[in-house]
Every structure is written in structure tokens, then in C-alpha cells.
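In my numbering, the protein residues as written are 663 to 1141. Cβ coordinates follow ideal geometry from the N, Cα and C atoms, glycine included. Here the structure is a predicted model, which means the values were calculated and not measured. A short worksheet on the structure shown next.
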Amino acid sequence: KCWCQSSKHFSIYFAFDISEAPHFSLLAPSPSPNQTNIYFSLIDLFTILLSALPPSLTQRSLFSSVRYHLLEMATTAASSLQIATARPCISSSRRLFKAGAAILSGNSKEVSWNKLTSACHISSVQPFQRSFTSSSIKFDNVVTKAMSEATENKPISGLPIDLRGKRAFIAGVADDNGYGWAIAKSLAAAGAEILLGTWVPALNIFESSLRRGKFDESRVLPDGSLMEITKVYPLDAVFDNLEDVPEDIKANKRYAGSSNWTVQEVAESVKNDFGSIDILVHSLANGPEVTKPLLETSRNGYLAAISASSYSYVSLLKHFIPIMNPGNLLCSIIQNTLFSSCGSSISLTYIASERIIPGYGGGMSSAKAALESDTRVLAFEAGRKHKVRVNAISAGPLRSRAAKAIGFIDMMIDYSIVNAPLQKELSADEVGNTAAFLASPLASAITGAVIYVDNGLNAMGVGVDSPIFKDLDIPTDKH
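This is the structure we're talking about:
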């Protein structure tokens, strides 16, 4: 089978021999800087080529080479050109498209051909030829999400965190002053669609506060708009499925009126409502005996901390990963980032996992250590099987509602301000922005990592406020 597309100034020829590896030849002059439409045409053309290729006749090395040389042609002459591309995702109607059906730059195939065959006044340049051969690789289904033309075609300047077309599920948001809320805001500011999972007993108050505008001030994004929350799901991540729920919980009036709130049921509900997600955030923890020293912690209290704070993440990823848009080559091409993973999962941990924090008891330090260990194991398993990245953020102390329940959060914040390399109070937005980075293609090679966002407190071996350092000239911020 042969296919050729030509215009007055360049032609591209592809030949397939069923009995041999496919062979590709590209004959084209380098476009001049003012012919920026050539850039879009070539990228669109390559995407259309992917949709036509038999899965048995494609290979990663081939497409990376072709894409590299296509970009090389354009970027040498138009290095300042920015591309805004749609991200592969699933639409609310959950219509599936095969590999290669994603839309680049808001143009259909017809528009691409019109652009390709339009009269382009390119200065006379000697053409060059490149050829590539390949064998087979399996392509996953790729799904698309519609975006407005104005948003989709708007150029992005600098090195942006661009999550437009992505959908995120953040588990553990019950108010507007914790890390989960801040992460949701940062993801929304980067363009992601936001779904929340809220602990069942807190659901009514949370949704009521949203409806009454109580959170409007904290919903404001950097551009002045309000964060939109597409849907809030009831969630109790301690229970994998309905069979795990004991009778006393089922009969508890705080759970009355809510249904489908176990991890498995929530994942199924999200699948039925939206089809897929791209980002999963675990922002929940609970230790019923957190104020007790470890030596005084009961077995039930210890196991409850592990269940709610670490295994809940394993369960969430286990049930959500089948509906997470995976990382694959076509996804990378559409994102203009080779080998980037479309799927990203993030959890929140604390330095007590590796350092002694008196007062942080009840097995919670053990739960955080388990969470970080699980992050590394899950990164391997999810990366190999699903092309999903798994990372954790070790966040410093924050005056959140949940942290205040521990009772010594103010003391920990004061200690951090005095002893951390950066003498300032940590803001929730700083953790949120880190999560947005980890979820973006900019972090495409980061997985299995614990990222410290604590003003550097984790790096300190001793507290510099100790009297033994009183004679040292240690720089101090008096403010």
C-alpha cells in the first residue's frame, strides 16, 4: 500500500510492504520562519499517519525518529513558535476513539490537508531525505476530550504547567484550608477538571458550604476566576467494597442518605459518569489514637492508622488505575513531550516517617513510613503495567483543621520557622503547586519519588535554636 501527499513546495511519501518492515521517506525543504502553518501541518500529518498504521507494523523507535525529524525541520526555522495541543482524555459522553484520532490544534483531517496543500510561498531550499524502518508495537486506545477553540489554540508562553483536558480525582477534601483543597486549586489553575472525594460524615456540611458560597473567597484562582468543582463524591477509603462495611457503620446516622461510597463503588461511579481520569490524589489520613505514644497505642488503633492512612492509597490506586488514561507513545506525541506519562498519582506524607516527632503517635509515623515504601513499589508496578507515575509529597506542618486535632501544630510551625533553612511559614499553595508540577508532563521522568515541600526542614540534623549553638553566628531572619 502506498500513500503520497504533495504540494507545490514539498511532498511526503509513505510506503508499506506487508511482507517487510514499513519504510518511510520524507522529502521536504525546511520551512521559513514566517510559514508557521507548516509546523502544524507536519504535526497534524504525523498524527493522521498514526491513525492509519496497522498496529502490527509500528514501533516506538520509528515514531520517535519520525517525530524528531519533523520537529527538527520546523524548530530550526521557527524556534520561537509555541504549540497548544489538546490532551488525550475522555469526553463526558465517553465516546472512544482509536489511536491517532486525537485532535491537534483544533483542526480536522480536512483542515490539515487544506493547510498542507495550500500555496505556501517558501523560499527555494534544497530538499533533504530521511528514511526509517521499524517493526511492531501494540497501541492502546486513545480517547479525546473536546476543548473550546479559543482555549485550545491559545499559545502557551514560557515553560508552562498545562493540564488542560486532564481530569483529576482528589480524595480527602472536606474543607477549604487543607492540602487537598490547595492541590485541587493548583490543578484547576493549570486547566484540569476537578472531582473530589469527601468523607461521608463531612459531605453534607462541605456541599452546603459550597452551595452557600462560603468557600468562594478561597476558590479564587490566579486569573481571578473561581475554581469549578465538577462533582463531589461521598468516600470512605477505609472500606474497599460494601462487603467490608460493618453493620454498625451501615446503621450509623452519619452515613444515612449516602450510598456508593466505598472505594470500589466510587471508582465505578466515576467511570460511569466520566469514563476516565488522568490524575489521582490521595490526601487523607486518620489515626484514632494519634495523641498516644506508640508504647501506649492499641493494636486496633495502630492498624486503624495503617488502614486509613496508607492502605487506603493502595486501594484507591488499585481501583482507579483501570480508568486512568495511561502513558503511551501517542499520548506523548500529542502532548509534545516524548515518553511523558499521561497518568499521575500523588499522595501526601510527613517527615515523621523517618524522623522522631514526639506527639505524632498512635502508629501514624509507621503509617507514613508504609505510605512512602508503598509509593516506591507502586511506582514500579503501575509504571510497568499501566505507564502511570506514582509520587509522594512530604509536606511541612500546616494549620489545617485535621492538623489542629493533633494539638501541637502551632508549636511545630514555630519550630519550623526558627530552624528550617527558609524561615517562613509554609503555605498550602506551595504544596498544591508542587502537585501540579508532578502531575504535568514536566515531571514525565519522575516516579517513585518523595518530594519534600517543607522549607528545607527535612535537611536539618539538629535544631539551630538549641542553646549549644548560641555562640555561633547563624543567620537569622528577625522578621
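If you compare the alpha carbons of 869, 1088, 988 and 839 with that of residue 1052, the shortest gap goes to 988. Looking at the DSSP output, residue 896 sits in a beta bridge with 860. DSSP places residue 829 in the strand class (E or B) of the three-state scheme.
For residue 1138, DSSP assigns no beta-bridge partner whatsoever. Contact between residue 891 and residue 856 holds: their C-beta atoms lie close to 5 Å from each other, under 8 Å.
Nearest to residue 896 by C-alpha distance, out of 914, 919 and 879, is 919.
Residue 1127 is not a Cβ neighbour of residue 1088, given a cutoff of 9 Å. If you look at residue 1089, you'll find it isn't in any alpha helix (DSSP H); DSSP assigns it neither H nor E. No Cβ-Cβ contact shorter than 9 Å links residue 1061 with residue 837.
Residue 834 sits close to residue 944, with the two beta carbons spaced by under 9 Å. Residue 1032 places its beta carbon less than 9 Å from that of residue 973. The three-state reading of DSSP puts residue 855 in strand, counting E and B together. Under the three-state reduction of DSSP, residue 1039 is assigned to helix. With contacts defined as CB atoms closer than 9 Å, residue 983 and residue 849 fail to qualify as a contacting pair. Between residue 904 and residue 924, the C-beta spacing is below 9 Å. In this structure, residue 1037 keeps its C-beta atom at 9 Å or more from the C-beta atom of residue 1014. Going by C-alpha positions, residue 1058 is about 13 Å away from residue 1016. The alpha-carbon separation between residue 957 and residue 1129 amounts to approximately 30 Å. Between the region 1076-1096 and the region 1017-1024 there are fewer than three inter-stretch CB-CB distances shorter than 8 Å, so the stretches are not counted as touching. From the listed residues 1110, 1006, 1010 and 1023, the smallest Cα separation to residue 1039 is found for 1110. Taking C-beta atoms as the reference points, residue 938 and residue 986 count as a pair closer than 9 Å. Secondary structure at residue 1122: coil, using DSSP grouped into helix, strand and coil.
Approximately 10 Å separates the beta-carbon atoms of residue 883 and residue 853; this is outside 8 Å, ruling out the contact. Here residue 829 is buried. Its C-beta has 16 or more other C-beta atoms within 10 Å. A direct Cα-to-Cα measurement between residue 1136 and residue 1073 gives close to 22 Å. In this structure, the beta-carbon distance from residue 1098 to residue 823 falls below 9 Å. For residue 968, the enclosing alpha helix (DSSP H) starts and ends at 961-968.
Beta-bridge pairing by DSSP links residue 1005 to 1050. The Cβ atoms of residue 981 and residue 1041 lie no closer than 9 Å to each other. Across the structure, residue 1029 and residue 847 are spaced so that their CA atoms are roughly 27 Å apart. Straight through space, the alpha carbons of residue 861 and residue 875 are spaced by roughly 20 Å.
A distance below 7 Å between beta-carbons, with the five flanking residues on each side excluded, links residue 1070 to the following residues of its chain, in chain order: 1021. With 16 or more other Cβ atoms from the protein chains shown falling within 10 Å of its own Cβ, residue 881 counts as buried.
Around the beta-carbon of residue 1065, 16 or more other beta-carbon atoms lie within 10 Å, marking it buried. Under the DSSP definition of a beta bridge, residue 1056 partners with 1011 and 1114. Setting aside the 5 residues that flank it on each side, residue 1085 is surrounded in the same chain by 1079 and 1139, each with a C-beta closer than 6 Å to its C-beta; the list follows chain order.
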